[in-house]
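Below is one structure, written out as structure tokens, with a few remarks after it.
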Ligand SMILES: Nc1ncnc2c1ncn2[C@@H]1O[C@H](COP(=O)(O)OP(=O)(O)OP(=O)(O)O)[C@@H](O)[C@H]1O
Ligand SMILES: [Mg+2]
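Shown next, in the form of structure tokens:
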């Protein structure tokens with residue numbers, strides 16, 4: 117049985133249809149890329165997978181996380197389901213952390229929740245040790261300082277690392293990364309991608325990676341789904357889709373990415 | 295400059311508070327006792343003269359400070375508690391419920407506070423300190439609820455909230471750890487400003503004869519009573535007027551100072 121099974125997923129805002137019947141599945145340890153132009157519904161799909169669509173949006177169809185249906189489930193059933201199964205990382209490092217809380221206090225919360233779920237009790241020292249270990253795993257060099265800092269006292273790249281560390285500290289089985297590197301400079305972007313790649317491999321996570329940056333998706337995903345205006349136009353192994361795209365839209369996307377690359381190279 | 299407004303605010307409000315507290319134990323004369331001549335001018339026994347019924351005027355103005363602060367603080371507490379609770383809950387509610395709530399608030403806010411307050415007082419038949427607090431507090435709660443709802447929605451839309459909910463954070467904890475700390479600084483500043491408005495609303499209600507009855511007279515009542523004799527005894531209008539202005543100005547200074555202190559955009563600030 118696959119970890120994530122999406123069938124005929126539709127998302128509507130009132131009468132307006134935003135996503136029309138998308139389906140895909142993701143097994144444990146698999147990496148799926150979701151690509152497509154801005155506004156094609158990628159983020160909406162990601163949120164509906166964990167039942168966190170914005171108020172006013174409705175999902176229909178079926179999303180099964182670890183065999184359990186998410187669509188239409190009441191909030192109180194979803195809360196315990198989410199923590200152990202899926203975690204999310206977003207695009208904007210400025211919004212990734214609560215500006216009024218020290219990073220240590222924020223990181224402690226999901227770790228404590230996980231411990232409680234697993235029936236363990238953590239004392240302050242064990243908690244701190246675990247937070248430091250989590251920060252070291254995301255290649256943060258001065259974990260003690262970061263833990264004591266407020267979000268505005270650390271860099272965007274560091275905030276994004278902290279967000280990833282927090283997501284992973286829940287020990288989820290699926291990580292949903294919604295353009296986690298888009299807001300970062302190219303060097304930091306490469307570092308964060310390497311980091312994600314490593315952590316996912318070492319922890320055996322499944323990954324849903326959302327991006328409109330094709331080279332980035334090609335690096336990290338085994339399979340891709342190409343989205344356009346709320347529809348999946350093409351799906352297949354990354355190498356095949358990028359080498360021999362079947363749909364015109366995919367071809368256009370790839371050509372555009374190539375043109376951009378050439379323009380950048382020609383200009384430098 | 296900012297420090298100065300804060301200090302001035304503390305001074306003015308502190309003075310009114312001290313006078314208000316003092317009246318629980320001592321006033322120059324019993325504010326209700328008709329002991330002097332009618333409308334006698336300021337003298338050594340009656341520093342601010344007497345009113346139409348021969349009651350010591352200074353004592354009445356001092357009691358007015360107590361009433362103004364009591365009603366202002368009571369209404370602000372009530373408006374804050376009811377408004378914040380309703381606003382946060384509405385932000386969590388299902389879309390339809392939330393929309394209905396927002397529309398109801400907009401309608402409520404469209405009514406002038408004074409009109410709402412008059413309705414409440416009218417519905418409760420007798421006017422008292424309690425009805426004034428209830429009336430002004432309820433009108434205020436609509437304004438605070440609208441603000442709290444918007445602020446809460448803004449917090450809920452943040453990525454860190456979504457990420458935390460995805461890691462299994464319950465609504466109760468979300469409220470305590472993320473929502474309230476992020477919305478309270480802004481709400482505190484708004485409530486401080488509302489406090490000043492509540493003091494004015496109380497004086498206005500009393501002026502219209504809908505506040506607490508004499509002899510625990512509010513400044514509004516005093517102003518109203520002195521109005522017809524303003525030419526013979528102008529101090530009857532000047533003293534409560536000055537008192538009212540000093541308290542409201544002080545509260546507004548405090549609110550300004552508070553805003554600088556609790557700047558909610560701590561991001562990037564140092
Ligand atoms: N809360 C909402 N209410 C109504 N429409 C929405 C809402 N959120 C998103 N939409 C609409 O749904 C469509 C898909 O949005 P979505 O955020 O999924 O795009 P995306 O593929 O993630 O784009 P991007 O690459 O820019 O992040 C857009 O047209 C957007 O305007
Ligand atoms: Mg998006």
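Residue numbers (my numbering), protein chains in the order written: chain A, 117 to 384; chain B, 295 to 564.
For glycine and all other residues, C-beta sits at the position ideal for the given N, C-alpha and C.
Going by the CB atoms, is the gap between residue j and residue i shorter than 8 Å?
i, j, result
"residue 493 of chain B", "residue 542 of chain B", "yes"
"residue 310 of chain B", "residue 498 of chain B", "no"
"residue 451 of chain B", "residue 204 of chain A", "no"
"residue 290 of chain A", "residue 337 of chain A", "no"
"residue 135 of chain A", "residue 142 of chain A", "no"
"residue 395 of chain A", "residue 331 of chain A", "Examination of residue 395 of chain A is not possible in this model, given that chain A is present from 117 through 384 alone."
"residue 173 of chain A", "residue 211 of chain A", "no"
"residue 570 of chain B", "residue 495 of chain B", "Residue 570 of chain B lies beyond the stretch modelled for chain B, which goes from 295 to 564, so this question has no answer here."
"residue 344 of chain B", "residue 331 of chain B", "yes"
"residue 162 of chain A", "residue 300 of chain A", "no"
"residue 313 of chain B", "residue 359 of chain B", "yes"
"residue 206 of chain A", "residue 294 of chain A", "yes"
"residue 479 of chain B", "residue 556 of chain B", "yes"
Nearer than 7 Å: is that true of the beta carbon of residue i relative to any heavy atom of ligand 1?
i, result
"residue 328 of chain A", "yes"
"residue 137 of chain A", "no"
"residue 159 of chain A", "yes"
"residue 156 of chain A", "yes"
"residue 170 of chain A", "yes"
"residue 478 of chain B", "no"
"residue 371 of chain A", "no"
"residue 173 of chain A", "yes"
"residue 309 of chain A", "no"
"residue 152 of chain A", "yes"
"residue 506 of chain B", "no"
"residue 450 of chain B", "no"
"residue 165 of chain A", "no"
For residue i, is the beta carbon positioned less than 7 Å from some heavy atom of ligand 2?
i, result
"residue 294 of chain A", "yes"
Is there a C-beta anywhere in chain B that falls below 8 Å from the one on residue i?
i, result
"residue 282 of chain A", "yes"
"residue 273 of chain A", "no"
"residue 299 of chain A", "no"
"residue 199 of chain A", "yes"
"residue 132 of chain A", "no"
"residue 212 of chain A", "yes"
"residue 157 of chain A", "no"
"residue 120 of chain A", "no"
"residue 224 of chain A", "no"
"residue 190 of chain A", "no"
"residue 149 of chain A", "no"
"residue 195 of chain A", "yes"
"residue 296 of chain A", "no"
"residue 229 of chain A", "yes"
"residue 128 of chain A", "no"
"residue 324 of chain A", "no"
"residue 361 of chain A", "no"
"residue 202 of chain A", "yes"
Tell me residue i's beta-bridge partners as DSSP assigns them.
i, result
"residue 140 of chain A", "A/122"
"residue 343 of chain A", "A/152 and A/348"
"residue 353 of chain A", "A/339"
"residue 461 of chain B", "Paired residues: none, contrary to the question."
"residue 567 of chain B", "Outside the displayed span of chain B (295 to 564) sits residue 567 of chain B, for which this structure offers no information."
"residue 292 of chain A", "A/204 and A/324"
"residue 246 of chain A", "Residue 246 of chain A is not bridged to any residue."
"residue 176 of chain A", "A/126"
"residue 230 of chain A", "Answer by DSSP bridge pairing: none, since residue 230 of chain A is not bridged."
Nearest chain A C-beta to residue i closer than 8 Å, yes or no?
i, result
"residue 562 of chain B", "Low local confidence applies: a pLDDT of 39 at residue 562 of chain B is under 50, so the model's placement there is unreliable, with the coordinate-based value given in what follows. Taking Cβ atoms only, chain A reaches closer than 8 Å to residue 562 of chain B, which makes this a yes."
"residue 346 of chain B", "no"
"residue 528 of chain B", "no"
"residue 519 of chain B", "no"
"residue 473 of chain B", "no"
"residue 398 of chain B", "no"
"residue 463 of chain B", "yes"
"residue 488 of chain B", "no"
Report back the beta-carbon spacing between residue i and residue j to the nearest angstrom; my notes put them in contact at under 8 Å.
i, j, result
"residue 391 of chain B", "residue 442 of chain B", "Contact flag wrong, Cβ pair sits at about 16 Å."
"residue 506 of chain B", "residue 549 of chain B", "So it is not a contact: roughly 25 Å between Cβ atoms."
"residue 152 of chain A", "residue 282 of chain A", "27 Å between Cβ atoms; not a contact."
"residue 377 of chain B", "residue 434 of chain B", "7 Å"
"residue 366 of chain B", "residue 439 of chain B", "Actually they do not touch by this definition, with Cβ atoms about 19 Å apart."
"residue 300 of chain B", "residue 547 of chain B", "7 Å"
"residue 187 of chain A", "residue 178 of chain A", "6 Å"
"residue 373 of chain B", "residue 431 of chain B", "4 Å"
Could you please tell me which residues of the region 361-390 of chain B, in chain order, have their CB closer than 8 Å to any CB of chain E? Protein chains in the displayed structure are A and B, and chain E is not among them.
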